[in-house]
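Heads up, the sequence shown is in the UniProt record's numbering, so the first residue is 1 and it goes up one at a time.
Cβ coordinates follow ideal geometry from the N, Cα and C atoms, glycine included.
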Amino acid sequence: MTSKTDGPEPGFTVRRLGPGDIPSMRALNALFGRTFAEPDTYGAAPPDDAYLADLLAKAHVAVLVAERDGTVLGGLVAYELDKFERARREIYLYDLAVEAEHRRRGIATALIRQLQTHAAGRGAWVIFVQGDPGDGPALALYERLGTREEVLHFDLPVGALPLPLGANPSKGPAFAFAPAGG
Numbered sequence: 001m002t003s004k005t006d007g008p009e010p011g012f013t014v015r016r017l018g019p020g021d022i023p024s025m026r027a028l029n030a031l032f033g034r035t036f037a038e039p040d041t042y043g044a045a046p047p048d049d050a051y052l053a054d055l056l057a058k059a060h061v062a063v064l065v066a067e068r069d070g071t072v073l074g075g076l077v078a079y080e081l082d083k084f085e086r087a088r089r090e091i092y093l094y095d096l097a098v099e100a101e102h103r104r105r106g107i108a109t110a111l112i113r114q115l116q117t118h119a120a121g122r123g124a125w126v127i128f129v130q131g132d133p134g135d136g137p138a139l140a141l142y143e144r145l146g147t148r149e150e151v152l153h154f155d156l157p158v159g160a161l162p163l164p165l166g167a168n169p170s171k172g173p174a175f176a177f178a179p180a181g182g
């Protein structure tokens, strides 16, 4: 699904990327790296084309770009989360960026509006996004389009876990997980 805007940034198109859009996905990752000042995160070890095509083909992953004449001006990545407490889903808007020279011209709003349309079609009841305290323009955009909720965010490490207090490693694991389905 595509949409055009007649706003202050003339002639751009918003569309969802699919498995054949590897160059646009790579351009969007490069944009994320520049915008977030994280070039290594988004460019040091890029996945191969097959991985990107597989991810772009997944129904629960939405990558939207704003383009003009084949050039990516901005984009977003969002993930669907199916819920257990109710038969519904939420969408997490994970990354959103617009090239510096095209900001504050309606591109980010158009991307979010297209994501809202996509979310409604996928049966989502809400889209949520993390806003960082020092990012005034993004916070102003999100406050204009949604409701603010104060939350704390924690990154939990993956891998070797510290033993619980009082655990004795020589006596085996301090806890065990039951196999799935059992």
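In the DSSP assignment, what are the bridge partners of residue i?
{"i": "P97", "result": "Reading off the sequence, residue 97 comes out as Ala, not Pro. G75, per the DSSP bridge assignment."}
{"i": "E90", "result": "L81 and V126"}
{"i": "R68", "result": "T71"}
Return the chain-ordered list of same chain residues with a C-beta closer than 7 Å to the C-beta of residue i, the five sequence neighbours on each side being excluded.
{"i": "R148", "result": "none"}
{"i": "V72", "result": "S24, A27, L28, L31 and V65"}
{"i": "residue 216", "result": "Lying outside 1 to 182, the shown extent of the chain, residue 216 is not represented and no answer is given."}
{"i": "residue 183", "result": "The shown model of the chain, from 1 to 182, leaves out residue 183, and the question about it has no answer."}
{"i": "G131", "result": "A138, L139 and Y142"}
Could you tell me the distance, in whole angstroms, from the CA atom of residue i to the CA atom of residue j?
{"i": "G18", "j": "R105", "result": "26 Å"}
{"i": "G146", "j": "V61", "result": "21 Å"}
{"i": "L81", "j": "A124", "result": "9 Å"}
{"i": "E99", "j": "E85", "result": "39 Å"}
{"i": "P46", "j": "A78", "result": "19 Å"}
{"i": "G20", "j": "L56", "result": "8 Å"}
{"i": "R122", "j": "L52", "result": "22 Å"}
{"i": "A150", "j": "F128", "result": "In the sequence under discussion, the amino acid at residue 150 is Glu, which differs from the Ala named in the question. E150 and F128: Cα-Cα distance of roughly 12 Å."}
{"i": "E38", "j": "A180", "result": "37 Å"}
{"i": "A144", "j": "E90", "result": "Sequence check: residue 144 is Arg here, not Ala. Between R144 and E90, the C-alpha separation is close to 20 Å."}
Give me the Cβ distance between residue i and residue j, rounded to the nearest whole Å; I'm assuming they're in contact under 8 Å.
{"i": "G74", "j": "H102", "result": "7 Å"}
{"i": "A108", "j": "L141", "result": "6 Å"}
{"i": "R15", "j": "H118", "result": "About 11 Å separates the two Cβ atoms, so there is no contact after all."}
{"i": "D54", "j": "I22", "result": "The Cβ separation is near 11 Å, so there is no contact."}
Should residue i be flagged as near chain D, meaning a C-beta pair shorter than 7 Å?
{"i": "D132", "result": "Within the model displayed, chain D is absent; a lone protein chain is all it includes."}
Going by beta carbon distance, what residues of the same chain come within less than 8 Å of residue i, once the five residues before and after it are set aside?
{"i": "G43", "result": "N29, A30 and G33"}
{"i": "L165", "result": "none"}
Entirely within the segment 95-160 and at least 4 residues each: give me those alpha helix (DSSP H) ranges in chain order.
107-121 and 136-145
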